[in-house]
Every structure is written in structure tokens, then in C-alpha cells.
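Peer 1:
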Amino acid sequence: MDEASQDVKDMGDELQRELHCCGLFSYKDWEGNIPDSCVCTEGQECQRVSSRVLLQARLLPISIYSKPCFPIIVPYILLVVDIMIGVVFALAVLAILGTTLSSIMIHQMRYPARPATVLTVPAIFTTAPPK
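Converting from the sequence shown to the working numbering requires adding 20 to each position, the first position being numbered 1.
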């Protein structure tokens with residue numbers, strides 16, 4: 021992520037601040053130039069690592085978030101995918117229902133003299149004739 025464009029870095033920083041994580045798969049994604057959004061405050065899951073500080077060539081130990089961001093993001097992505105699958109399935113059911121109803125209407129328009137056999141109740145439910 022250290023070699024990515026500035027837009028990707030900014031998006032990664034914002035994600036790390038909101039989710040309290042560091043790097044996509046680990047803090048090593050930043051290749052030693054760990055941003056401030058990874059820095060952990062006391063009372064949270066932290067780990068100590070060495071990082072290059074701006075304008076200095078030496079490595080200094082800092083405390084960063086121990087969790088990577090990818091396992092935190094995956095449930096949100098799966099939720100969006102599940103919602104999209106549900107919407108597509110609902111639209112497919114509506115399309116099949118519309119096709120079926122329009123086929124029935126076309127049949128009734130072509131053959132108006134025929135009784136509607138699709139929607140009639142079978143004769144088995146009628147009462148017996150009187151004796």
C-alpha cells in the first residue's frame with residue numbers, strides 16, 4: 021500500500037481510523053512507512069513494531085493496531101453481495117410472474133369464446149344432483 025496512489029492511501033487511512041486496524045493483510049503492507057492512522061492508543065489491541073518516522077532514516081518503535089483490515093471488511097462486502105442477490109432474485113420472480121400473467125392474457129384475447137380453463141374450479145367440488 022506504500023507504493024499506491026495518494027487516493028488509495030487516503031482511503032486506506034480513513035478505513036484504518038474507522039475500523040481500528042492496520043494494513044489490508046498486516047502492517048507490513050505499509051513497508052515500514054506506517055501512517056498515523058495505524059497508531060494505537062492505550063486500552064486497545066496493540067502491538068509494538070519498528071517504523072520509519074518522517075524525515076528520519078532510523079527505525080523507532082511505535083504501538084499500532086494488531087488486527088488487519090481485510091477480515092473486518094469481508095462481512096460488510098458479503099452483506100452487500102447478499103442484498104444484491106436478493107434484489108436480483110426478487111426481480112427474476114417478478115419477471116416470471118409478469119410473463120405468466122401476460123401469456124394468460126394473450127391466450128384469453130386470442131380465444132375469447134373459450135371458457136377460462138386456467139382459472140376455473142374443477143367440477144369435483146359440486147354437490148350431487150337431488151334424487
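All residues carry an ideal CB built from backbone N, CA and C; glycine is no exception.
(1) From Leu166 to Val59, what does the alpha carbon distance come to, in whole angstroms?
(2) To the nearest angstrom, how far is it from the Cα of Met21 to the Cα of Val101?
(3) Where do the ends of the alpha helix (DSSP H) carrying Thr119 lie?
(4) Does the Cβ of Val69 have 16 or more other Cβ atoms within 10 Å, making it buried, or fewer, making it exposed?
(5) Are there 16 or more other CB atoms within 10 angstroms of the CB of Tyr85, so buried, or fewer, so exposed?
(6) Which residue from Leu111, Gln128, Leu114, Leu39 puts its Cα closest to that of Val168?
(7) By how many angstroms is the C-alpha of Thr120 removed from the C-alpha of Val113?
(8) Just to confirm my understanding: we take Lys87, look at its own chain, exclude 5 residues before and 5 after, and list those with CB closer than 6 Å. What are they?
(9) If you draw a straight line from the C-alpha of Pro54 to the C-alpha of Met104, how long is it?
Peer 2: Looking at the coordinates:
(1) For residue 166 there is no data in the structure shown, the boundaries of the chain being 21 and 151.
(2) 25 Å
(3) 90-130
(4) buried
(5) buried
(6) The requested residue 168 is not part of the displayed model; the chain covers only 21 to 151.
(7) 11 Å
(8) Cys41
(9) Per the sequence shown, the amino acid found at residue 54 is Ile instead of Pro. In a straight line, the C-alpha of Ile54 is about 35 Å away from that of Met104.
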